[in-house]
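Numbering of the sequence shown is given in the numbering used here, commencing with residue 116 and proceeding in unit increments. Below is one structure, written out as structure tokens, with a few remarks after it.
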Amino acid sequence: MPRIKLITEKDQIPAERHAEYDEIVGVLGRVGGPFGILMYSPGLAEMVCKTGAQVRLKSTLTMVERELAVLSVCREKDAAYEWGGHVETARKAGMREEAIEAMRHGGDTSGLEPDERDIINYTRQLLRTNRVEPDLFDALMGRHDTRWLVELTATIGQYQYIAAINNAFGMEARAEGDQLPVPAATSR
Numbered sequence: 116m117p118r119i120k121l122i123t124e125k126d127q128i129p130a131e132r133h134a135e136y137d138e139i140v141g142v143l144g145r146v147g148g149p150f151g152i153l154m155y156s157p158g159l160a161e162m163v164c165k166t167g168a169q170v171r172l173k174s175t176l177t178m179v180e181r182e183l184a185v186l187s188v189c190r191e192k193d194a195a196y197e198w199g200g201h202v203e204t205a206r207k208a209g210m211r212e213e214a215i216e217a218m219r220h221g222g223d224t225s226g227l228e229p230d231e232r233d234i235i236n237y238t239r240q241l242l243r244t245n246r247v248e249p250d251l252f253d254a255l256m257g258r259h260d261t262r263w264l265v266e267l268t269a270t271i272g273q274y275q276y277i278a279a280i281n282n283a284f285g286m287e288a289r290a291e292g293d294q295l296p297v298p299a300a301t302s303r
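Okay, here's the thing in structure tokens:
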């Protein structure tokens with residue numbers, strides 16, 4: 116259960132903030148999840164929503180590439196709330212189960228396809244060490260372009276931000292969603 120009451124209805128905020136609420140509903144269809152928390156800071160939810168929409172809807176990453184980054188962040192940050200929803204999105208986009216399982220268990224990526232392996236490892240390196248090894252960076256740059264790599268990194272940053280909000284405020288995994296195993300942090 117969240118540590119605070121989520122703001123999910125327009126009548127929970129003053130009239131002067133209704134446009135912000137409507138903006139989020141226009142993009143996401145509702146105000147919920149981390150946005151129910153972010154609404155406590157006037158303007159913040161709207162800005163995060165706009166950044167997220169840019170990352171999700173205007174990026175050159177394919178859906179599978181984006182979801183590889185998102186799920187990798189979820190695993191690294193033990194973000195069970197986001198994991199559940201995004202696994203289903205990833206499967207619908209065509210992500211291979213081998214990649215999902217490698218992320219779920221923090222496992223070996225050497226048997227994955229090059230982009231699966233490299234996106235997962237890029238995310239892991241960035242979140243674990245705050246850097247990316249030159250060989251990995253160069254491999255991704257060689258298969259893609261600068262814009263793609265900027266957008267991959269921005270996606271990682273966006274979902275790290277969302278994971279921090281959800282985890283700090285106690286957002287729990289949806290019972291009907293795919294479950295993330297015991298926190299990876301305990302095994303590192």
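C-beta: ideal position from N, C-alpha, C; glycine also.
For this session: State the CB to CB distance for the pair Y237 and L227, rounded to an integer number of angstroms; the pair is presumed to be in contact (CB under 8 Å).
Result: In the sequence shown, the residue the question calls residue 237 occupies position 122. In the sequence shown, the residue the question calls residue 227 occupies position 112. Between L227 and Y237 the Cβ distance is about 13 Å, and since that is not below 8 Å, they are no contact.
Exercise. Given R262, which residues of its chain have a CB within under 7 Å of its CB, disregarding the five upstream and five downstream residues?
Worked result: The count along the sequence shown starts at 1 and reaches residue 262 at position 147. For R262, where only same-chain residues beyond five positions count, the Cβ hits under 7 Å are T175.
Exercise. Are I128 and M154 closer than 8 Å when you measure CB to CB?
Worked result: By 1-based counting over the sequence shown, the position of residue 128 is 13. By 1-based counting over the sequence shown, the position of residue 154 is 39. M154 sits close to I128, with the two beta carbons spaced by under 8 Å.
For this session: Could you pull out every residue in the same chain whose Cβ sits closer than 8 Å to the Cβ of I305, ignoring the five residues on either side in sequence?
Result: No answer is possible for residue 305: the residues shown for the chain start at 116 and end at 303.
For this session: From the DSSP output, in three-state form, read off E191 for me.
Result: In the sequence shown, the residue the question calls residue 191 occupies position 76. In the three-state reduction of the DSSP assignment, E191 falls in the helix class.
Exercise. Cα-Cα, which of E287, W198, P229, K207 is closest to H310?
Worked result: No information on residue 310 is available, as it lies outside the stretch 116 to 303 that the chain covers here.
Problem set entry | Ranges of the beta strand (DSSP E) found wholly within the segment 151 to 214, counting only runs of at least 3 | Counting whole runs of 3 or more residues, the segment 151 to 214 contains no beta strand (DSSP E) stretch at all.
Exercise. Hey, is the segment 193 to 212 in contact with the segment 163 to 174, meaning 3+ C-beta pairs nearer than 8 Å?
Worked result: With fewer than three CB-CB distances shorter than 8 Å, the segment 193 to 212 does not count as touching the segment 163 to 174.
Problem set entry | Continuous alpha helix (DSSP H) assignments of at least 4 residues falling wholly in the segment 240 to 269 | The DSSP assignment places complete alpha helix (DSSP H) segments of no fewer than 4 residues inside the segment 240 to 269 at 249 to 258, in order along the chain.
For this session: For the alpha helix (DSSP H) holding G141, just list the boundary residues, first then last.
Result: Taking the first residue of the sequence shown as position 1, residue 141 is located at position 26. 133 to 143 is the extent of the alpha helix (DSSP H) around G141.
Exercise. What does a CB cutoff of less than 7 Å around V140 pick up in its chain, not counting 5 residues either side in sequence?
Worked result: The sequence position of residue 140 within the sequence shown is 25, counting from 1. The beta carbon of V140 sits closer than 7 Å to those of V146, all from its chain and outside the five residues before and after it, given in chain order.
Exercise. Straight-line CA distance for L143 to D137?
Worked result: Locating residue 143 in the sequence shown gives position 28, counting from the first residue. Locating residue 137 in the sequence shown gives position 22, counting from the first residue. Separation of L143 and D137 (C-alpha to C-alpha, rounded to the nearest whole angstrom) is 10 Å.
For this session: Below 6 Å CB to CB, which residues in the same chain sit around S302 once its five sequence neighbours on both sides are set aside?
Result: Numbered from 1 along the sequence shown, position 187 holds the residue referred to as residue 302. Reliability of the predicted coordinates at S302 is poor, the pLDDT of 46 falling under 50, and the value obtained from them is presented with this limitation in mind. Counting only Cβ-Cβ distances below 6 Å, and skipping sequence neighbours, we find nothing.
Exercise. Looking at E191 and L264, is the spacing between their C-beta atoms short of 8 Å?
Worked result: On the sequence shown, position 149 is the one that residue 264 refers to. On the sequence shown, position 76 is the one that residue 191 refers to. Cβ distance not < 8 Å, so L264 and E191 don't count as in contact.
Exercise. Which residue from A208, Y276, A194 puts its Cα closest to that of M178?
Worked result: Looking up residue 178 in the sequence shown gives position 63. Looking at the Cα atoms, A208 is the closest of the given residues.
For this session: State the DSSP-derived secondary structure class of R303, mapped to helix, strand or coil.
Result: What you label residue 303 is simply residue 188 of the sequence shown in a count that begins at 1. In this prediction, R303 scores a pLDDT of 45, lower than 50, which makes its location untrustworthy; no coordinate-derived value is stated.
For this session: Closer than 8 Å by C-beta to A288: which residues in its own chain qualify, once you throw out the five before and the five after it? Chain order, please.
Result: Position 173 of the sequence shown holds residue 288. Annotation for A288: A195, Y196, W198, G199, Q294, L295 place their beta carbon closer than 8 Å to its own, counting only its chain and skipping 5 residues before and after.
Problem set entry | Q127 - DSSP class collapsed to helix/strand/coil | For the purposes of this step, residue 127 is taken as residue 12 along the sequence shown, with counting starting at 1. Three-state result, Q127: helix.
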